[in-house]
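Below you'll find the structure, written out as structure tokens, and then a few comments.
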Amino acid sequence: AVLLMALCSSFMLQTAYGAGECGKTPINTVALSLSPCIGAANNAKASVPPACCTQVKKVLKMPSCMCAVFLSPIAKQARINPAVAISI
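Put into structure tokens, the structure is as follows:
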């Protein structure tokens with residue numbers, strides 16, 4: 001968990017001014033696009049649906065965006081476990 005936080009902090013500091021961590025797309029929009037992953041993000045033993053894999057591949061093109069999503073209020077509200085979610 002500490003490594004995840006350090007990694008996220010590093011990427012977030014590198015974010016360009018004028019655009020957010022997810023470019024021009026709001027973090028909440030990106031977080032909602034990952035809704036097929038909710039089961040797998042909360043349970044390491046859950047199977048990962050293909051729709052989740054598709055969305056994760058898109059978001060992973062911007063690691064700072066993935067970190068921002070993990071740390072977002074919407075992820076906290078959904079009780080996403082970043083340590084499990086990072087393993088998807």
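Residue numbers are given in UniProt numbering: position 53 of the sequence shown equals residue 53, and the series is strictly consecutive.
Cβ coordinates follow ideal geometry from the N, Cα and C atoms, glycine included.
Asked                                                                                                                   : Found
Pairwise C-alpha distance: Thr-29 and Asn-43                                                                            : 23 Å
Residues of its chain near Asn-81, where Cβ-Cβ distance is below 8 Å and the 5 sequence neighbours each way are ignored : Ala-41 and Asn-42
Opening and closing residue of the alpha helix (DSSP H) in which Ile-38 lies                                            : 38 to 42
Reference Leu-32, options Ala-68, Val-84, Ser-87 and Ala-46, closest by Cα                                              : Ala-68
Under 7 Å between C-beta atoms of Val-59 and Cys-53                                                                     : no
Cα-Cα separation between Ala-51 and Cys-37, rounded to whole angstroms                                                  : 8 Å
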